[in-house]
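One structure is given here, and the rest of the page talks about it.
What follows is the structure, encoded as structure tokens:
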């Protein structure tokens, strides 16, 4: 077995690299006239030893998940516009906030799935401003859910569903899961049911198509039937589909990624585009607005002026994560 070590770049690591390069350029070659191997270089000069202070890896007995959720209460059209109760029509927006890679401590998860988390926070900010004023409150409540263990068949999402009040689950009319939204020219909407078979899904799919077309963004609708016999899931929305809740995943790739392969230590923000993320956020908000304000045939242009996507906000969260 050959151990592979990952480390953050610092003065000590750069010092080792400089020492190896210096020995390599000093003319110390192997017997066949070629360049010396790192082992020969270390053996011929100053001895360098890599030591890991971590204990041996052990199996985790269980997974501890931490989920967060918050509400924007919709308002009815009765006297005084009283807030809707928990069992009234609700739209949920979901994103998993963690990531996974070969070296977990080095995993940033810029696109998978910090981009989905940032999108959820920005959507909450925009809709929060709209819902703060009586005349722009929607007819649906909005539920925002941040889940953990996304790299393990979205175990956090499954845990949230299991712990949720049955009234909340029954009130969910539609769920939008956000994944990998910060690169790519196209946008993909994944569902487990054909839009022709589900009236709510068909309406939302049309909203997304119209909103994407307004911004000249190709939108592809991919329907993949759920394999009920498989305990693992490929998309976050499938956890809701198993409970017969209409849900989709919006992301920037066509095929589901194999288990544990979604994250990478190379998934850095320098390889993503906050402009693309902002564009996708606008498409999502415009599609949702037509549903929560019950204006399916009208492009509302909600994301404009004081309700525009705040690129500084996106950049701030990206630097924090």
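Residue numbers (my numbering): 10 to 330.
A virtual CB, placed ideally from N, CA and C, is assigned to each residue, including glycine.
Buried or exposed (CB count within 10 angstroms, at least 16 for buried), residue i
{"i": "residue 275", "result": "exposed"}
{"i": "residue 88", "result": "Residue placement at residue 88 cannot be trusted, given a pLDDT of 41 that sits under 50; the coordinates are not used to answer."}
{"i": "residue 63", "result": "exposed"}
{"i": "residue 317", "result": "exposed"}
{"i": "residue 14", "result": "exposed"}
{"i": "residue 79", "result": "exposed"}
{"i": "residue 27", "result": "exposed"}
{"i": "residue 220", "result": "buried"}
{"i": "residue 208", "result": "exposed"}
{"i": "residue 20", "result": "exposed"}
{"i": "residue 310", "result": "exposed"}
{"i": "residue 99", "result": "buried"}
{"i": "residue 137", "result": "exposed"}
{"i": "residue 163", "result": "buried"}
{"i": "residue 243", "result": "buried"}
{"i": "residue 11", "result": "exposed"}
{"i": "residue 238", "result": "exposed"}
{"i": "residue 39", "result": "Reliability fails at residue 39, whose pLDDT of 49 lies under 50, so the model's placement of it is uncertain and the value that follows must be treated cautiously. Exposed, since its Cβ has fewer than 16 Cβ neighbours within 10 Å."}
{"i": "residue 168", "result": "buried"}
{"i": "residue 184", "result": "buried"}
{"i": "residue 108", "result": "buried"}
Proximity to residue i [Cα-Cα], best of the options
{"i": "residue 71", "options": "218, 161 and 222", "result": "161"}
{"i": "residue 148", "options": "139, 155, 156 and 281", "result": "139"}
{"i": "residue 250", "options": "310, 283 and 186", "result": "186"}
{"i": "residue 323", "options": "145, 238, 82 and 291", "result": "291"}
{"i": "residue 328", "options": "62, 207, 246 and 281", "result": "281"}
{"i": "residue 5", "options": "307, 32, 266 and 233", "result": "Limits of the chain in this structure are 10 at one end and 330 at the other, which puts residue 5 out of reach."}
{"i": "residue 119", "options": "248, 279 and 305", "result": "279"}
{"i": "residue 210", "options": "224, 182, 222 and 235", "result": "182"}
{"i": "residue 8", "options": "295, 77 and 157", "result": "Residue numbering for the chain in the displayed model covers 10 to 330; residue 8 lies beyond these limits and cannot be assessed."}
{"i": "residue 192", "options": "305, 277, 326 and 32", "result": "277"}
{"i": "residue 305", "options": "212, 315 and 205", "result": "212"}
{"i": "residue 326", "options": "117, 236 and 315", "result": "117"}
{"i": "residue 173", "options": "77, 205 and 194", "result": "77"}
{"i": "residue 58", "options": "263, 25, 18 and 115", "result": "25"}
{"i": "residue 233", "options": "115, 264 and 222", "result": "264"}
{"i": "residue 224", "options": "293, 231, 170 and 159", "result": "293"}
{"i": "residue 303", "options": "142, 29 and 150", "result": "150"}
{"i": "residue 194", "options": "226, 315, 29 and 142", "result": "226"}
CB of residue i within 8 Å of CB of residue j, strictly
{"i": "residue 73", "j": "residue 190", "result": "no"}
{"i": "residue 124", "j": "residue 286", "result": "yes"}
{"i": "residue 132", "j": "residue 102", "result": "yes"}
{"i": "residue 180", "j": "residue 65", "result": "no"}
{"i": "residue 166", "j": "residue 113", "result": "no"}
{"i": "residue 122", "j": "residue 196", "result": "no"}
{"i": "residue 312", "j": "residue 135", "result": "yes"}
{"i": "residue 241", "j": "residue 110", "result": "no"}
{"i": "residue 1", "j": "residue 146", "result": "Nothing can be reported for residue 1, as the shown portion of the chain is limited to 10 through 330."}
{"i": "residue 104", "j": "residue 81", "result": "no"}
{"i": "residue 157", "j": "residue 69", "result": "no"}
{"i": "residue 248", "j": "residue 283", "result": "no"}
{"i": "residue 252", "j": "residue 178", "result": "yes"}
{"i": "residue 345", "j": "residue 31", "result": "Absent from the structure is residue 345, since the part of the chain shown begins at 10 and ends at 330."}
Beta-ladder partner(s) of residue i, from DSSP
{"i": "residue 184", "result": "101 and 256"}
{"i": "residue 149", "result": "Answer is none; residue 149 lacks a bridge partner."}
{"i": "residue 230", "result": "198"}
{"i": "residue 155", "result": "77 and 104"}
Quiz item: Is the stretch 196–203 touching the stretch 248–258 in the sense that three or more CB pairs, one from each, lie closer than 8 Å?
Solution: The stretch 248–258 vs the stretch 196–203: in contact.
Practice problem: Please determine if the stretch 210–219 and the stretch 286–303 are in contact, where contact requires at least 3 C-beta pairs separated by less than 8 Å. | Solution: Between the stretch 210–219 and the stretch 286–303, the count of Cβ pairs shorter than 8 Å is three or higher; the stretches touch.
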